[in-house]
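Respectively, the protein sequence lines represent chains A and B. Under numbering that gives the first Met the number 0, think of the first position of the first sequence as 0, with each following residue one higher. Under numbering that gives the first Met the number 0, think of the first position of the second sequence as 0, with each following residue one higher. To start, the structure under review is shown below, and the notes come after it.
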Amino acid sequence: MKILVPVKRVVDYNVKVRVKNDQSGIELDNVKMSMNPFDEIAVEEALRLKEKGIASEVIAISIGVTQVQETIRNALAMGADSGIFVEVKDTLEPLTVAKIIASIAKKENIDLMILGKQAIDDDMNATGQMISALLNWPQATFASKVEITDKIAKVSREVDGGTENIEITLPAVITTDLRLNEPRYASLPNIMKAKKKTINEIKIDDLKIDITQKLETLKVEEPSKREAGIMVKTVKELFDKLQNEAKVI
Amino acid sequence: MNVLVIAEHNNDEILPATLNTINAAKQIGTVDLFVIGHDCQDVIDSGNKIEGLNKILFCNDKVYENPLAENISTLIQSVSKDYTHILFANTANGKNTAPRLAALLDVMIIPDIIEIIDHNTFKRPIYAGNAIATLRSSDICKVITVRTTAFEKAIFGKKEAIKIEILSCEKTNLTKYISSELSRNERPELTAADIVVSGGRGLGSTENFQILEKLADKLGAAMGASRAAVDAGYVPNDWQVGQTGKVVAPNLYIAVGISGAIQHLAGMKDSKVIVAINKDEDAPIFTVSDYGLADDLFKVVPELEKLIK
């Protein structure tokens with residue numbers, strides 16, 4: 000069984016992002032970039048399936064500027080077998096990304112795709128669902144538990160009221176939620192090994208996919224700031240404020 | 000503009016998220032509601048009394064008893080040509096289904112909108128709410144999910160909308176619903192509650208959360224938690240408030256033992272009044288709270304509970 004894991008290079012989750020002065024976007028110069036945390040969980044889940052003997056091969060794919068190869072290399076250092084890199088200059092929206100990945104998944108005879116439920120930059124939460132729609136595959140989003148036997152994946156999903164359990168027939172798409180697993184750190188020997196692993200480059204032109212973007216970003220601005228209020232000294236004072244000033248209890 | 004709102008319901012009743020979504024839809028154009036479910040006559044009967052609806056479409060079929068994205072998206076696709084906009088609430092169901100529908104229609108999803116500038120232009124938070132993007136869509140049909148806390152609720156009136164039955168579509172046999180484990184409690188639903196009492200890692204254990212639950216029950220509040228408390232296993236995951244959990248905006252939000260990580264603040268900073276109780280007076284939660292109390296939560300929470308009648 001071949002698993003494809005799409006990984007995205009994003010601003011590291013510890014970085015406090017700043018809006019550019021001209022409101023054209025987020026300041027990305029000299030900012031630490033990392034693999035999207037939800038995608039790390041996806042890589043980890045794929046590797047565990049390989050270690051259990053369920054998967055035979057784990058391939059990481061990323062689409063973007065030259066530097067996204069570093070993110071693929073991180074996945075290889077965690078233990079993925081090989082990588083696929085599709086170079087594009089501009090940021091693509093999830094629909095285009097889904098079209099590219101869906102077309103490659105068909106060519107590579109992929110049985111299962113695991114990816115993060117959302118990227119922590121644009122917070123779109125869309126690529127996984129879109130890939131499965133384009134391939135007409137089943138989808139299991141927000142997974143907190145995955146068990147695979149033969150061609151069936153039993154997936155527990157995090158939903159609003161608790162957990163939902165579904166069964167999907169492979170090939171399928173699974174998107175990861177936070178509690179699916181704890182991703183491993185790449186060990187030094189594995190980082191060295193990863194340097195020898197292959198990253199295949201696919202030319203975007205060869206895929207014959209229309210990459211016209213349908214959403215245009217007009218402006219990116221700071222959210223309105225909330226003013227800090229007052230500190231109270233005692234519970235009595237707090238109770239009094241809530242009752243008589245804010246009038247909320 | 001013709002807008003279709005997909006009703007969020009549990010086959011017994013319309014959930015409040017639907018009402019916020021309808022009010023967002025009214026800012027765009029004429030609004031129809033689509034109820035998809037099974038044995039959901041009560042939902043249809045109450046749904047068509049929501050004020051400002053033009054039509055109510057419904058499909059009442061066993062196939063839709065549990066909302067699988069595969070089945071629901073093809074059903075909505077079958078009526079999509081009549082609409083310029085299709086709106087979902089940004090709930091787990093909406094987030095699961097809307098992007099799949101968008102891809103079927105070859106349009107880009109516009110998720111989690113907080114403001115409507117015009118029928119093509121919308122604002123939405125990015126980077127866990129640390130920035131707000133204004134986006135313009137060139138798609139003929141716009142598939143949107145709505146951050147419900149950013150819009151008022153539509154109300155129920157007397158006038159009934161025209162009912163139209165929609166035929167069900169072919170169902171998938173590749174995805175099967177097995178079961179749900181829903182947390183049962185008597186408290187209000189987290190995203191719809193007037194008051195939310197939320198606990199963090201500072202509580203230290205599941206047992207200690209009981210002192211918060213006592214306070215919540217006295218206030219008639221919903222219970223929430225920070226990601227740290229959920230990850231530590233103190234409370235169930237559906238209590239999580241934050242960018243990757245639930246976004247809430249109640250009248251009163253009481254944060255106890257929560258330091259105030261950015262991702263938590265993104266999920267609650269639009270609350271009307273925020274109270275923070277934390278023994279660390281430098282905790283970032285105090286930069287967004289209206290009333291802060293830097294003290295030991297184990298001492299002050301029971302005291303506060305006693306004061307409330």
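For glycine and all other residues, C-beta sits at the position ideal for the given N, C-alpha and C. Model, not experiment: these values are computed from the prediction.
Look at the segment 56-73 of chain B: the residues with a C-beta under 9 Å from a C-beta of chain A are Asn65, Leu67, Ala68, Glu69 and Ser72. Around the C-beta of A/Ser55, fewer than 16 other C-beta atoms lie within 10 Å, and the residue is accordingly described as exposed. Contact between B/Ala102 and A/Leu133 holds: CB atoms are separated by about 5 Å, below the 8 Å threshold. Chain-order list of chain B residues neighbouring A/Ile103: empty, with the shortest C-beta distance near 16 Å, by a criterion of under 9 Å. C-alpha of A/Glu26 to C-alpha of A/Val10: approximately 10 Å in a straight line. Within 9 Å of the CB of B/Arg135, the CB atoms of chain A belong to Leu214, Glu215, Thr216 and Leu217, in sequence order along the chain.
Using a CB distance cut-off of 8 Å, B/Phe285 counts as an interface residue toward chain A. Of the other Cβ atoms in all chains shown, fewer than 16 fall within 10 Å of the Cβ of A/Thr65; this residue is therefore exposed. Counting the other CB atoms within 10 Å of its CB gives A/Asp80 a total of 16 or more, which places it among the buried residues. Taking C-beta atoms as the reference points, B/Gly259 and B/Ala227 fail to come closer than 8 Å. The three-state secondary structure of B/Ser225, taken from DSSP, is coil. When only Cα atoms are considered, B/Phe155 and A/Lys232 end up about 44 Å apart. Close partners of B/Ser179 in chain A (Cβ separation under 8 Å): Val158, Gly160, Gly161, Thr162, Glu163 and Asn164. For B/Asp41, the enclosing alpha helix (DSSP H) stretches over residues Gln40 to Gly46. Its chain contains Pro93 as the residues whose beta carbon lies nearer than 6 Å to that of A/Ala125, once the 5 sequence neighbours on both sides are disregarded; these appear in chain order. Under DSSP, B/Val34 shares a beta bridge with B/Phe57. Around the Cβ of B/Asn89, a 10 Å sphere holds 16 or more other Cβ atoms; the residue is buried. From the beta-carbon of B/Thr83, no residue of chain A is found nearer than 9 Å; the closest lies around 14 Å away.
In its chain, beyond the 5 residues on either side, Val229 have a beta carbon closer than 6 Å to the beta carbon of B/Asn236. Taken through DSSP and simplified to helix, strand or coil, A/Met129 comes out as helix. Residue range Gly161 to Thr168 is occupied by the beta strand (DSSP E) that includes A/Thr168.
B/Pro98 sits away from B/Ile113, with the two beta carbons spaced by 8 Å or more. Residue-level contact check: A/Gly228 touches chain B, since one or more beta carbons of chain B fall below 8 Å from its beta carbon. Restricting attention to alpha helix (DSSP H) runs no shorter than 4 residues, the segment 166-232 of chain A encloses them at 187-193 and 203-206, ordered along the chain. Distance from the CA of A/Gly228 to the CA of B/Phe285, rounded to the nearest whole angstrom, comes to 8 Å. In the three-state reduction of the DSSP assignment, B/Tyr176 falls in the strand class, which pools E and B. For A/Lys218 against A/Ala118, the beta-carbon gap comes to about 20 Å, at or over 8 Å, which does not count as contact. When 8 Å is used as the limit between beta carbons, A/Met32 is near no residue of chain B, the shortest such separation being about 13 Å.
Sequence-distant partners of B/Glu188 (beyond 5 residues in either direction) whose C-beta falls short of 8 Å from its own C-beta, in its chain, are Leu14, Pro15 and Ala221. Counting only unbroken stretches of 4 or more residues, no alpha helix (DSSP H) element lies wholly within the segment 93-137 of chain B. B/Lys25 has no beta-bridge partner at all, per DSSP. Counting the other CB atoms within 10 Å of its CB gives B/Ser204 a total below 16, which places it among the exposed residues.
The beta carbon of B/Ile125 falls within 8 Å of a beta carbon belonging to chain A, placing the residue at that interface. B/Thr243 has a beta carbon lying within less than 8 Å of a beta carbon in chain A.
For B/Gly201, the three-state secondary structure derived from DSSP is helix. Interface criterion met: the Cβ of A/Pro222 is under 8 Å from a Cβ in chain B.
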